[in-house]
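**Student:** My structure is below; once you've seen it, I'll send some questions.
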Amino acid sequence: ASGAGSWDFGVPDFRWPARPSSPVRDEKSGVKSYVDESSAKELFNVTLRKFVIPVVRGGLERLLRSSLDSEAGLQVGILDNAYTLRIGADASKSEESVGEDLIRTFEVDVKGANVVHWRHDDAETEPAEMCTVMPLSLHHVADEVVTLDVDFNLELTFGDVIHSRVFQLKSQRRFLPDLGASFGIKFLRLADCRTRLWWSFSESKLMVAFRAPPDVKWDIAARVFGLELPNWLEDDVLCLGLRRVLSSFNLKNPIV
2 ASGAGSWDFG
12 VPDFRWPARP
22 SSPVRDEKSG
32 VKSYVDESSA
42 KELFNVTLRK
52 FVIPVVRGGL
62 ERLLRSSLDS
72 EAGLQVGILD
82 NAYTLRIGAD
92 ASKSEESVGE
102 DLIRTFEVDV
112 KGANVVHWRH
122 DDAETEPAEM
132 CTVMPLSLHH
142 VADEVVTLDV
152 DFNLELTFGD
162 VIHSRVFQLK
172 SQRRFLPDLG
182 ASFGIKFLRL
192 ADCRTRLWWS
202 FSESKLMVAF
212 RAPPDVKWDI
222 AARVFGLELP
232 NWLEDDVLCL
242 GLRRVLSSFN
252 LKNPIV
């Protein structure tokens with residue numbers, strides 16, 4: 002996922018913990034990294050609550066509201082642009098929804114955060130394996146990239162307007178069926194998210210990967226071919242699909 006523009010987070014000054022004297026080898030990949038034992042959990046929670054979450058929540062709120070107010074809505078190509086996900090194009094614009102919060106709650110609880118140090122001069126690490134610790138696109142600026150392992154839970158609750166099927170899936174190719182699919186979402190909960198974050202100061206680039214598949218739960222209301230989908234299909238089967246999509250963004254395929 003990528004987007005134009007940049008976010009300016011007012012992160013308070015702090016001193017990173019000193020690099021440990023001995024490396025830690027990943028049990029699966031065998032790649033050595035340098036992980037600080039001291040946790041930055043409290044720092045992350047304070048920074049998220051005071052700076053990051055208000056900015057992200059406000060940005061999502063404005064994006065959703067502008068999409069609802071637009072005649073065409075917001076259109077996002079998915080599945081190699083075979084389908085377009087439209088937000089708000091067919092949504093009703095009742096007066097009751099004007100002042101309603103589209104996002105009711107947005108909570109992130111950091112369970113653990115550790116600094117991971119990357120050693121480009123480690124002779125035992127082959128270039129093909131480096132991407133398990135540092136993305137290849139950041140190798141040229143690896144010395145100034147901050148790498149963090151962050152474990153957290155996330156919960157996002159939407160208002161009634163977003164739960165009333167404001168998302169529509171439209172086919173963009175003649176040989177693919179237009180499913181007439183629409184859905185709304187009430188809440189999304191991601192638990193046991195074990196992620197790795199890379200932040201490049203010189204390129205202002207953030208990359209995120211899942212070190213393990215997260216636990217995903219949601220409550221959606223979906224309709225396909227004009228028919229309501231059963232709850233077990235909406236909330237269980239489709240939820241597994243979302244879990245697979247998220248877990249595909251692993252250490253070798255991070256979100257940019």
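Residue 226 in this note's numbering is what sits at position 225 of the sequence shown, and the numbering runs on without skipping anything. Heads up, the beta-carbon is just placed ideally off N, CA and C, and yes, glycines get one too.
(1) So, at 8 Å on beta carbons, what are the nonlocal neighbours of Ile256 in its own chain, with the 5 sequence-adjacent residues on each side left out?
(2) Roughly how many whole angstroms lie between the Cα atoms of Pro21 and Ala143?
(3) Spatial neighbours of Trp17 within its chain, please: C-beta separation below 7 Å, excluding the five flanking residues on both sides.
(4) Going by alpha carbons, who is nearest to Gly113 out of Lys187, Arg224, Arg197?
(5) Please list the terminal residues of the continuous beta strand (DSSP E) segment that includes Asp150.
(6) To which residues does DSSP link Ser249 through a beta bridge?
(7) Tell me, please, which residues DSSP counts as bridged to His164.
(8) Between Lys253, Asp220, Val246, which has its C-alpha nearest Asp237's C-alpha?
(9) Between which residues of its own chain and Asn154 is the CB-CB distance below 6 Å, once the five residues before and five after are set aside?
(10) Return the CA-CA distance between Arg174 and Leu86, expressed in angstroms with no decimal places.
(11) Taking its Cβ as the centre, do 16 or more other Cβ atoms sit within 10 Å of Leu157, making it buried, or is it exposed?
(12) Taking the alpha carbon of Leu243 as the reference point, which residue from Pro215, Phe45, Ile163, Ser67 has its own alpha carbon closest?
(13) Cα separation between Val146 and Val53?
(14) Enumerate in chain order the residues of its own chain whose CB-to-CB distance from Leu180 is below 7 Å, with the five nearest sequence positions on each side excluded.
(15) Is the CB-CB distance between Ser172 and Ala222 below 9 Å?
(16) The beta strand (DSSP E) with Arg195 in it runs from where to where?
(17) Tell whether a beta-carbon distance below 9 Å holds between Leu241 and Val134.
(18) Keeping to the same chain, check which residues put their C-beta closer than 7 Å to that of Pro136; ignore five residues upstream and five downstream.
**Tutor:** Taking the definition as stated:
(1) The beta carbon of Ile256 lies closer than 8 Å to those of Ala2, Met208, Val209, Ala210, Phe250 in the same chain, with the five residues before and after it left out.
(2) Low local confidence applies: a pLDDT of 47 at Pro21 is under 50, so the model's placement there is unreliable, and no value is given.
(3) Caution applies to Trp17, whose pLDDT of 42 falls short of 50 and renders its modelled position unreliable; the value that the coordinates give is listed next. In the same chain as Trp17, and ignoring 5 residues on each side of it, the C-beta atoms closer than 7 Å to its own belong to Val116, in chain order.
(4) Taking only the C-alpha atoms, the option nearest Gly113 is Arg197.
(5) Where Asp150 is concerned, the enclosing beta strand (DSSP E) starts and stops at 146-159.
(6) Per DSSP, none; premise fails for Ser249.
(7) The secondary-structure analysis by DSSP pairs His164 with nothing; it has no beta-bridge partner.
(8) Closest by alpha carbon: Asp220.
(9) Answer for Asn154: Asp110, Ala192, listed in chain order.
(10) The straight-line gap from Cα to Cα measures roughly 14 Å.
(11) Counting Cβ neighbours within 10 Å, Leu157 comes out buried, since at least 16 surround it.
(12) If we check each option's Cα against that of Leu243, Pro215 comes out closest.
(13) Going from the Cα of Val146 to the Cα of Val53 covers about 19 Å.
(14) For Leu180, the CB contacts under 7 Å within the same chain, skipping 5 residues up- and downstream, are Leu170, Val225, Phe226 in chain order.
(15) It is not a contact, given that the beta carbons lie outside the stated cut-off.
(16) It spans 182-201 - the beta strand (DSSP E) in which Arg195 sits, taken as one unbroken run.
(17) Result no, Cβ atoms of Leu241 and Val134 do not sit closer than 9 Å.
(18) Apart from the 5 residues on each side of it in sequence, Pro136 sits with its Cβ closer than 7 Å to the Cβ of Trp199, Met208, Pro255 in its chain, given in chain order.
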